[in-house]
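Visitor: I'd like to ask some things about the structure below.
This is the structure in structure tokens:
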């Protein structure tokens, strides 16, 4: 299963990356996230428990987050290390344009379940869960980064 969500954002790269990396704040800024707990590490290298919901369906997984800031733009990588999607690879990448930044979340998952893994991942997990949650995440971060979210300023701080 491979999914790709791309959203053009007019915020600054620094702001968008900070909103994307700061997963501990996601339950505050992203209504579809129930909680994120750091299990080990910190900063640009940590393992987190993440819990979100797709509609009324609760989801939970553990992932290792590694942020690579060495290139022209950062890359945020996740590897799911526990849960139904164990082994899923995720990458957030940023492509600079003249007036906006293309923010891409790519997911790659080959479930180890014999016979049914591929079809379940391709027809259910990818489009109905992974793609849907990533789309909500990107569109909410876009609204915040572009200062269009009534709850938060462009830097993600609450409006007073």
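Residue numbers (my numbering): 7 to 166. Where is the CB? At the ideal position from N, CA and C, for every residue including glycine. Keep in mind the model is a prediction, meaning the values are calculated, not measured.
1) So residue 19 and residue 150 are in contact, right, with Cβ under 8 Å, and what is the actual spacing, rounded?
2) With burial defined as no fewer than 16 other Cβ atoms inside 10 Å of the residue's Cβ, what is the status of residue 140: buried or exposed?
3) What is the rounded straight-line gap between the Cα of residue 114 and the Cα of residue 146?
4) Where do the ends of the alpha helix (DSSP H) carrying residue 27 lie?
5) Give me, in chain order, the residues of the same chain whose beta-carbon lies closer than 6 Å to that of residue 99; leave out the 5 immediate sequence neighbours on both sides.
6) Indicate whether residue 59 and residue 40 have their beta-carbon atoms separated by less than 8 Å.
7) Please classify residue 144: does DSSP put it in a helix, a strand, or coil?
8) So, at 7 Å on beta carbons, what are the nonlocal neighbours of residue 30 in its own chain, with the 5 sequence-adjacent residues on each side left out?
9) As an exercise, report each continuous alpha helix (DSSP H) stretch of at least 4 residues that is fully enclosed by the segment 83 to 130, in chain order.
10) Contact check, residue 17 vs residue 152 under 8 Å by CB: the rounded distance?
11) What whole-angstrom Cβ distance do residue 56 and residue 132 have, given they're in contact under 8 Å?
12) For the segment 29 to 86, which segments carrying the beta strand (DSSP E) assignment without a break, of at least 3 residues, lie completely within its bounds, in sequence order?
13) Taking Cβ to Cβ, would you say residue 89 is nearer than 8 Å to residue 68?
14) Starting from residue 136 and walking both ways along the beta strand (DSSP E), at which residues does that stretch end?
15) Work out the CA separation of residue 117 and residue 128 for me, nearest whole Å.
16) Could you name the residues of the same chain whose beta carbon sits closer than 6 Å to that of residue 9, not counting the 5 residues immediately before and after it, in chain order?
Guide: According to the data block:
1) Actually they are not in contact, since the Cβ atoms of residue 19 and residue 150 sit about 14 Å apart, beyond 8 Å.
2) buried
3) 22 Å
4) 19 to 27
5) 81, 110
6) yes
7) helix
8) 42, 44
9) 123 to 126
10) 6 Å
11) The Cβ separation is near 17 Å, so there is no contact.
12) 39 to 48, 51 to 60, 63 to 74
13) yes
14) Note, residue 136: premise wrong, no beta strand (DSSP E); not H, not E.
15) 10 Å
16) 113, 132, 136, 137
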